[in-house]
Structures are given as structure tokens and as C-alpha cells.
Amino acid sequence: MNRIPQHVSIIMDGNGRWAQARGRERVFGHAAGVESVRACSEAAAEAGVKYLSLYAFSEENWNRPESEIHRLMELMMEAIRNETKTLLKNGIRLRVLGNRARLDESLNRAIDAVEEETASGSRMTLVIFLSYSGKWDILQAARRAVAERGAEGIADMDQEAFSQYLVTAGIPDPDLLIRTSGEQRISNYLLWQCAYTEFYFSPLLWPDFGKEAFREALEEYARRDRRYGKVK
20 MNRIPQHVSI IMDGNGRWAQ ARGRERVFGH AAGVESVRAC SEAAAEAGVK
70 YLSLYAFSEE NWNRPESEIH RLMELMMEAI RNETKTLLKN GIRLRVLGNR
120 ARLDESLNRA IDAVEEETAS GSRMTLVIFL SYSGKWDILQ AARRAVAERG
170 AEGIADMDQE AFSQYLVTAG IPDPDLLIRT SGEQRISNYL LWQCAYTEFY
220 FSPLLWPDFG KEAFREALEE YARRDRRYGK VK
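To convert a position in the sequence shown, counted from 1, into our numbering, add 19.
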């Protein structure tokens with residue numbers, strides 16, 4: 020374990036299927052998945068990972084049944100209330116990124132409060148992507164760049180300068196992307212940022228993905244030879 024990724028990102032997939040396999044409603048799986056968030060956060064901090072990001076809710080997820088969306092937002096509020104003390108105790112900073120204009124005002128206030136309260140955390144940054152999509156991120160970055168620089172000002176803009184307009188500005192690109200549930204796609208997630216990311220696909224459904232599974236993903240990453248297009 021001498022090659023620890025600086026930034027690990029996870030697409031948390033399979034909550035609904037996990038619940039349905041147990042004869043329960045999909046929201047039961049989302050609630051169970053909170054325990055996996057806690058376990059992986061602990062494992063990441065223990066291993067020395069500096070950034071852990073989680074794909075919690077996509078822009079496309081707004082098309083789900085209203086009852087499921089409502090429960091997911093309730094779970095987010097509950098998690099913020101319940102985990103703030105733990106984040107502070109462990110020196111973990113929380114950031115929530117995405118199209119937050121679509122979120123309820125009370126949820127946005129709660130997010131702002133915990134982001135401010137944990138801002139000094141230096142052990143690890145936990146990033147939650149909420150109401151996010153990669154295409155939306157690139158489009159909003161392009162609009163912001165044009166608004167700030169003008170059409171002529173963006174003519175000579177390089178990739179590094181453009182990346183500062185993405186919602187992840189200041190956060191390193193993921194070194195490792197984990198997706199659970201056996202699906203092998205990135206589902207409109209961090210399209211720009213994952214250009215050189217190592218992918219790891221696990222057959223486990225998200226509520227079954229705990230500390231041991233997270234560490235196995237880190238071990239697999241350590242065996243990868245990252246060349247970035249170069250010859251070694």
C-alpha cells in the first residue's frame with residue numbers, strides 16, 4: 020500500500036436493486052447505503068487519501084419518482100445533521116458540488132452551514148456530487164468563461180485555465196474511480212476530470228461495499244502502471 024491515490028471517486032450504484040432483492044422499497048437501499056458511505060470515508064481517511072468524492076444524485080435522477088427523490092433529500096438532510104460532529108472530530112472538510120439551484124432552500128442552507136463549519140478540516144476533503152452531470156458541468160464552465168473573458172478572451176485559453184471554471188476548481192482530478200453493482204460505465208460523471216483516471220468496477224451492490232472492498236480497490240490501483248500516454 021505504498022501507492023495511495025490522492026483522490027478517489029465513487030459512483031455508488033445498486034441501492035435500489037439491493038433493496039428489491041430483499042423485498043423492500045428502493046429507498047430502503049438508499050438508507051442502507053449511508054453505512055457504506057461512512058465505512059468508505061473512514062477507510063479512505065485511514066489510508067491517507069486526501070480527497071474522497073461520491074456521486075450521490077445526478078441531474079438525470081430528477082426523473083425518478085417524486086417519492087424516491089423526496090426520501091433521498093431527506094436522507095441527505097439526516098446525514099448532514101448526524102455526521103457533522105464526526106466530520107469535525109476527524110478533521111474532514113465537506114463540500115457539495117453540482118447544480119444546487121435545483122435543491123430545496125432548506126437543504127442548501129444546511130449544506131452551506133456544514134461546509135462553513137468544516138472548512139478548516141485538513142485531514143481529508145469529502146466531496147458530495149449532488150444534482151450533478153458532467154455535460155452540465157462543462158456547459159456551465161463554458162458559459163462562465165465566455166461571460167468573464169468574452170469571446171475573444173477564450174481564444175487562447177488552455178485546458179488548465181478552462182478547468183478553473185468547472186465546479187471542481189481547486190480539487191485534483193480523480194486518480195481512481197470506483198463503480199459498484201457491476202455496471203461498467205461512468206454515466207455522465209466527471210467527463211472532463213476523468214480523462215486519465217483509473218477505473219475499478221466492483222460486482223458488489225453499494226450497501227455491500229465496505230472497508231475491505233475499498234481497500235481491495237486501493238490495492239488494485241497500486242498495481243496499475245499509469246503512463247499518461249508516455250513510454251516507460
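Ideal Cβ placement from N, Cα and C applies to all residues, glycine included.
Model, not experiment: these values are computed from the prediction.
- Shown here, Thr103 sits in a helix according to DSSP, grouped into three states.
- In this structure Pro24 is buried. Its beta-carbon is surrounded by 16 or more other beta-carbon atoms within 10 angstroms.
- Burial check for Pro222: the Cβ neighbour count within 10 Å stays below 16, so the residue is exposed.
- Judged by DSSP secondary structure, Phe76 falls within the beta strand (DSSP E) whose first and last residues are 70-77.
- Pairing Asn118 with Tyr151 gives a Cβ-Cβ distance under 8 Å.
- Rounded to the nearest angstrom, the Cβ distance from Ala58 to Met143 is 14 Å, too far for a contact under 8 Å.
- With contact defined as three or more Cβ pairs closer than 8 Å, the stretch 153-165 and the stretch 205-222 are in contact.
- The criterion of a C-beta distance shorter than 8 Å is not satisfied by Ser141 and Ser72.
- Pairing Ala138 with Arg112 gives a Cβ-Cβ distance under 8 Å.
- The DSSP-derived three-state label of Arg36 is helix.
- Comparing alpha-carbon positions, the option among Ser55, Lys69, Asn101 lying closest to Pro226 turns out to be Ser55.
- In the structure shown, Ile197 adopts extended strand secondary structure according to DSSP, grouped into three states.
- Residue environment analysis places Arg198 among the buried positions, since at least 16 neighbouring C-beta atoms fall within 10 angstroms of its C-beta.
- Distance from the CA of Leu94 to the CA of Ile173, rounded to the nearest whole angstrom, comes to 41 Å.
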